[in-house]
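Visitor: So for the sequence shown, the working numbering puts the first residue at 82; every next one is plus one.
For glycine and all other residues, C-beta sits at the position ideal for the given N, C-alpha and C.
Since we're looking at a predicted model, the values are computed, not measured.
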Amino acid sequence: MSSRDARHAWWFIAPWLVGFVVFTAWPMVYSAYLSLTDYDVINDPRFVGFDNYRELFADPKVALALRNTLIYTVMAVPAHILLALGLALLLDRAARSAGFFRTAFFLPKMTPPVAIGVLLLLLFNGQRGAINTMLGWIGIDGPAWTTDPDWVKPGLVMMGLWTVGSTVIILLAALRNVPTDLYDAARVDGAGFWHRTRAVTLPMISGPLFFVVVVNTIASLQLFTEAYTAFFGSGNTTYSNDAALFYVIYLFQQAFEFLHMGYASALAWLLFLVIMAITGIQVLVSRRVVYYEGDAR
Numbered sequence: 082m083s084s085r086d087a088r089h090a091w092w093f094i095a096p097w098l099v100g101f102v103v104f105t106a107w108p109m110v111y112s113a114y115l116s117l118t119d120y121d122v123i124n125d126p127r128f129v130g131f132d133n134y135r136e137l138f139a140d141p142k143v144a145l146a147l148r149n150t151l152i153y154t155v156m157a158v159p160a161h162i163l164l165a166l167g168l169a170l171l172l173d174r175a176a177r178s179a180g181f182f183r184t185a186f187f188l189p190k191m192t193p194p195v196a197i198g199v200l201l202l203l204l205f206n207g208q209r210g211a212i213n214t215m216l217g218w219i220g221i222d223g224p225a226w227t228t229d230p231d232w233v234k235p236g237l238v239m240m241g242l243w244t245v246g247s248t249v250i251i252l253l254a255a256l257r258n259v260p261t262d263l264y265d266a267a268r269v270d271g272a273g274f275w276h277r278t279r280a281v282t283l284p285m286i287s288g289p290l291f292f293v294v295v296v297n298t299i300a301s302l303q304l305f306t307e308a309y310t311a312f313f314g315s316g317n318t319t320y321s322n323d324a325a326l327f328y329v330i331y332l333f334q335q336a337f338e339f340l341h342m343g344y345a346s347a348l349a350w351l352l353f354l355v356i357m358a359i360t361g362i363q364v365l366v367s368r369r370v371v372y373y374e375g376d377a378r
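(1) Can you tell which of Tyr-344, Leu-98, Met-191, Leu-147 has the C-alpha that lies nearest to the C-alpha of Asp-132?
(2) Report the rounded CA-to-CA distance for Val-102 versus Pro-224, giving the unit in angstroms.
(3) Suppose the cutoff is 7 Å on Cβ atoms and the five residues either side in sequence are ignored; what does the same chain contact list for Leu-242 look like?
(4) Opposite Phe-128 in the DSSP bridges: which residues?
(5) Give the DSSP-derived three-state secondary structure of Ser-178 in the structure shown.
(6) Do Leu-237 and Leu-304 have their C-beta atoms closer together than 9 Å?
(7) Jot down the residue ranges of each uninterrupted alpha helix (DSSP H) in the stretch 263 to 351, minimum 4 residues, whole runs only, in chain order.
(8) For Pro-194, which residues in the same chain have their Cβ closer than 6 Å to its Cβ, ignoring the five residues on either side in sequence?
(9) Would you mind reading off the limits of the alpha helix (DSSP H) that contains Phe-101?
(10) List the whole-angstrom C-beta distance separating Gly-267 from Ala-255, where the pair is believed to meet the contact cut-off of C-beta under 8 Å.
(11) In chain order, which continuous runs of the beta strand (DSSP E) of length 3 or greater are located wholly inside the stretch 136 to 218?
(12) To the nearest angstrom, how far is the alpha carbon of Leu-137 from that of Val-245?
(13) Beta-carbon separation of Phe-58 and Val-233 under 9 Å?
(14) Exposed or buried, what is Tyr-111 when buried is set at 16 or more other beta-carbons lying within 10 Å of its beta-carbon?
(15) Looking only at its chain, what residues have a beta carbon closer than 8 Å to the beta carbon of Val-129, apart from the 5 residues adjacent to it on each side?
(16) Look at the alpha carbon of Phe-55 and the alpha carbon of Leu-204, and state the distance between them as a whole number of angstroms.
(17) Distance, Cα to Cα, Ala-325 vs Asn-149?
(18) Using only CA atoms, which one of Ala-90, Phe-291, Asp-173 lies nearest to Ser-367?
(19) Let me make sure I understand the geometry here. Which of Thr-278, Thr-154, Gly-210, Ala-106 has the alpha-carbon closest to that of Ile-359?
(20) What residues in its chain sit with their C-beta under 7 Å from that of Leu-166, if we drop five residues either side in the sequence?
(21) For Ala-347, which residues in the same chain have their Cβ closer than 6 Å to its Cβ, ignoring the five residues on either side in sequence?
(22) Rounded C-beta distance between Ile-362 and Leu-302? I'm assuming under 8 Å.
(23) When the Cα atoms are used, what is the spatial distance from Leu-168 to His-341?
(24) Using the three-state DSSP reduction, which class does Pro-108 fall into: helix, strand or coil?
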């Protein structure tokens with residue numbers, strides 16, 4: 082019986098395994114090989130050893146793109162999580178209207194990333210954008226969001242908050258699973274809302290919080306479509322492209338504009354190692370701050 086169940090299980094997961102091998106594992110192995118070659122798509126790959134890796138460590142554009150990406154991630158992830166948590170706390174207190182607002186918050190997530198990039202140019206235009214127009218109503222002279230290098234990343238962060246809905250749904254589900262008797266005990270002890278949030282809510286939802294932090298960190302490190310559409314795909318050379326040159330955009334340029342596939346593969350593997358290192362640090366930190374129900378600690 083156990084052997085038959087095991088065979089059935091393998092048959093059920095076989096489609097996923099085939100897809101993983103064909104579309105993930107094999108491309109990763111092949112890209113690792115290409116990272117050791119000089120390959121322009123037209124001619125056969127020519128083995129060059131670790132020359133691509135030595136070149137990327139000497140390339141100032143790599144350092145610029147990586148710095149832009151890390152700065153954006155440091156700005157975007159906390160803003161995304163804090164806004165999502167605040168909205169989830171509000172929804173948790175809602176009654177009959179909670180279903181409507183869950184749908185309303187999630188729908189923007191369905192917006193294509195290209196459309197978000199176009200919206201960024203429309204809303205954050207320094208002269209005629211809706212954001213600066215509304216700031217002007219209260220006497221604030223809005224910045225040049227798309228041309229001032231100091232404001233390019235904040236503008237992208239604010240535009241990225243448009244798709245906060247999926248994180249709100251995850252955190253709301255976590256809040257709904259917090260035992261109510263813990264809140265009752267805290268109220269008996271005289272704890273107010275903020276104290277209950279800090280002492281009860283956050284520890285009890287620390288697992289889902291850790292999950293969304295990791296997922297959003299990885300997504301931020303791979304930012305591409307919105308920034309490329311807004312600052313590189315429009316054909317307008319007046320924008321501060323260096324301030325919006327994120328790592329995956331530079332990787333895309335090397336691969337599909339300059340046809341440096343070998344070099345782009347080396348860039349991809351460096352990004353993979355950076356993501357793995359950051360995720361590893363987050364996992365180590367989580368062992369001290371994340372609580373799981375049934376944990377023996």
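Guide: By the coordinates alone:
(1) It is Tyr-344 whose Cα lies nearest to the Cα of Asp-132.
(2) Val-102 and Pro-224 have their alpha carbons spaced roughly 48 Å apart.
(3) These residues qualify, in order along the chain: Ala-160, His-161, Leu-164.
(4) Thr-118.
(5) In the displayed model, Ser-178 falls within coil according to three-state DSSP, outside both helix and strand.
(6) Contact annotation: Leu-237 and Leu-304 have beta-carbon atoms nearer than 9 Å.
(7) Within the stretch 263 to 351, the complete alpha helix (DSSP H) segments of 4 residues or longer fall at 274 to 277, 287 to 302, 306 to 312, 328 to 333, listed in chain order.
(8) Correct list, in chain order: Thr-306, Glu-307.
(9) Where Phe-101 is concerned, the enclosing alpha helix (DSSP H) starts and stops at 83 to 101.
(10) The sequence shown places Ala at residue 267, rather than the Gly named in the question. Between Ala-255 and Ala-267 the Cβ distance is about 18 Å, and since that is not below 8 Å, they are no contact.
(11) Taken in chain order, the complete beta strand (DSSP E) segments of 3 or more residues contained in the stretch 136 to 218 number zero; there are none.
(12) Whole-angstrom Cα-Cα distance: 34 Å.
(13) With the chain covering 82 to 378 only, the question about residue 58 has no answer from this structure.
(14) So Tyr-111 ends up on the exposed side.
(15) For Val-129, the CB contacts under 8 Å within the same chain, skipping 5 residues up- and downstream, are Leu-117, Thr-118, Asp-119, Gly-343 in chain order.
(16) Given a span of 82 to 378 for the chain in the structure shown, any question on residue 55 remains unanswerable.
(17) Cα to Cα, Ala-325 sits roughly 7 Å from Asn-149.
(18) Distance from the Cα of Ser-367 is smallest, within the candidate group Ala-90, Phe-291, Asp-173, for Phe-291.
(19) Closest by alpha carbon: Thr-154.
(20) So the list reads Leu-252, once near-sequence residues are dropped.
(21) Excluding residues within five positions, the ones whose Cβ falls inside 6 Å are Ser-116, Asn-133, Tyr-134, Leu-137.
(22) 13 Å between Cβ atoms; not a contact.
(23) Each residue's Cα considered, the two are about 44 Å apart.
(24) Helix, per DSSP.
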